[in-house]
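With numbering that gives the first Met the number 0 applied, the sequence shown covers 0 to 350.
Worksheet: one structure, shown below.
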Amino acid sequence: MSKPIVTAIASFGMSGVVFQGPSLKIFPEKYKIHKILERSKNISAQRYPEAQIVRSYDEILKDPEVELVLVNTPDYLHFDMAKQAILAGKHVVVEKPFTKTSEDARELISLAHQNDVILTVYQSKRLDNGFQTLKKILDEKLLGRVVEFEAHYDRYRNYIQEGSWKEDGDERTGVLFNLGSHIVDQTLVLFGIPNAVTAHLNILRTGGRTTDNFDIRLHYGTFNAILRSSYLVREIGPQYSVHGTEGSFVKMGTDPQEELLKQHHLPNEPQWGEDKPDDWGTLNTTVNGLHFHGKVETIAGDLAAFYTKLHGTIREGKELFVKPEEALTIIRVLEACLESNRLKKTVEFKG
C-alpha cells in the first residue's frame, strides 16, 4: 500500500473549508493534510488538528515533505502561486478558474512538463449528480442526434457583497470566469470544442461592478449549446434541457453536495450525493422502437472522487481526470466570450 500524499492547502476560505478539506479528510490512507496556510486566523485547527498552521506560503514551498499544493486562493493569485509551487517541485491542484489568461495557463503547463510534476484544475462540477446522469444519457445516445442543449447555473444574490474580491476587478472577475468556468467545462466534456462563440455579458444588479449575468452560445455546426447564468434568478428553472431527434431530457434541481458540505457534513456519509426523487430528470424518448416517458433516477454525485482519481495519477500513473490542457481550453472559450461581447458578434473558435 502506498504512503499518503503529503498535502498543503494554500488558503482556508470557502474552497478550503467547504470543498478541499472534507474531500481530503475522508481519505487518510491517501492524503496527509500536512500544512494549511492561514495568514492570521486559526480556523482550521479545530477540524484538522493534525495539520500545522503556517503564516506564509514560503513555509509550504520550502518544506521538502510537501508533495502536493492546493492553490485554492482568489483567482488573481492562481498563476503566481501555482508557478512557485511547480518551480519548487510540487504537484499542484489549482482551484477554478485555472488562470486569468490563456497565456498564463500555457506557461504553467509548460513549466509542469519541464519540472515533471502533475498539474490539474479543480473542475468539480464534472462530478455533480445531474451532470453524471446527463452524460450517461448522451453517451448511450438515448436522445438520438442532439439538436439543442441548454444549461443553467443560476443563483439569487441581489446585493453587492462589499469587501469581496469577486465584486471588483476587471472583466475577468465576475460570474463568467467564476460559474462560467464550470458550465463551459461541462459542455466541452459532452460535445468537444465548438466552432464559434456568441456571448452577451451583463451587469444587472443595482450597483454591480462585475458581470453577474451571461447568455452564451457555443456553436457546434448542427446545434447550439446555450449556457446561461444569472445572480437574479429567485425561482430556479431546469438545470439541463436537451432535445434530440428521438426525444428530450429535462433535469430540475441542483446537486445537494455543496449545501451539505457547507453544513459540515462529510462526503462519505450514507446516501451521499443522492437526489430527491422530486428532482429526478424526465426522459421522454424512443429507444429501439420503444417509447419511454418517465423519471430517471439521478446518479449519485461524488465530488470527493476528484481526489481518489488524483491519488491514482500521482501514485499509480493513471490518466489525469482533469488535464491542464482541457482547463486551458476553458479559459480560451471564456476569452472568446469576452471578445464576442466586446465586438457584439459571433467569433470563430479554433481548437
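In this text, a Cβ means the ideal position worked out from N, Cα and C, and glycines have one as well.
In the DSSP assignment, G293 falls outside any alpha helix (DSSP H) and lies within the beta strand (DSSP E) extending over 289-295. The Cβ atoms of F148 and F222 sit closer than 8 Å to each other.
Among the bridge pairs identified by DSSP, H264 is matched with none. E94: not part of any alpha helix (DSSP H); member of the beta strand (DSSP E) spanning 90-94, first to last residue. For Q45, the enclosing alpha helix (DSSP H) begins and ends at 43-46. Here G280 carries a strand assignment [DSSP, helix/strand/coil]. Secondary structure of T205 (DSSP, three-state): coil. Between L36 and I59, the C-beta gap is smaller than 8 Å, which places the two residues in contact. In the DSSP assignment, V183 falls within the unbroken alpha helix (DSSP H) covering 179-190.
Between the alpha carbons of M251 and D57 lies a distance of about 45 Å.
When secondary structure is reduced to three states using DSSP, K317 falls in the coil class, being assigned neither helix nor strand. For G243, the three-state secondary structure derived from DSSP is strand. The beta carbon of G236 lies closer than 7 Å to those of H151 in the same chain, with the five residues before and after it left out. It is roughly 16 Å from the alpha-carbon of E102 to the alpha-carbon of L118. Under DSSP, D214 forms a beta bridge with H199, R227. For secondary structure counted as the alpha helix (DSSP H) over 4 or more consecutive residues, the region 7-73 holds these complete runs in sequence order: 20-24, 43-46, 57-60.
Looking at the DSSP output, K250 shares a beta bridge with Y239. A Cβ-Cβ contact shorter than 8 Å links S180 with I329.
Sequence-distant partners of R154 (beyond 5 residues in either direction) whose C-beta falls short of 6 Å from its own C-beta, in its chain, are Y230. Three or more beta-carbon pairs drawn from the region 122-140 and the region 180-199 are found closer than 8 Å, and the two stretches are therefore classed as touching. Following the DSSP letters along the chain, one finds L118 inside the beta strand (DSSP E) bounded by residues 118-121.
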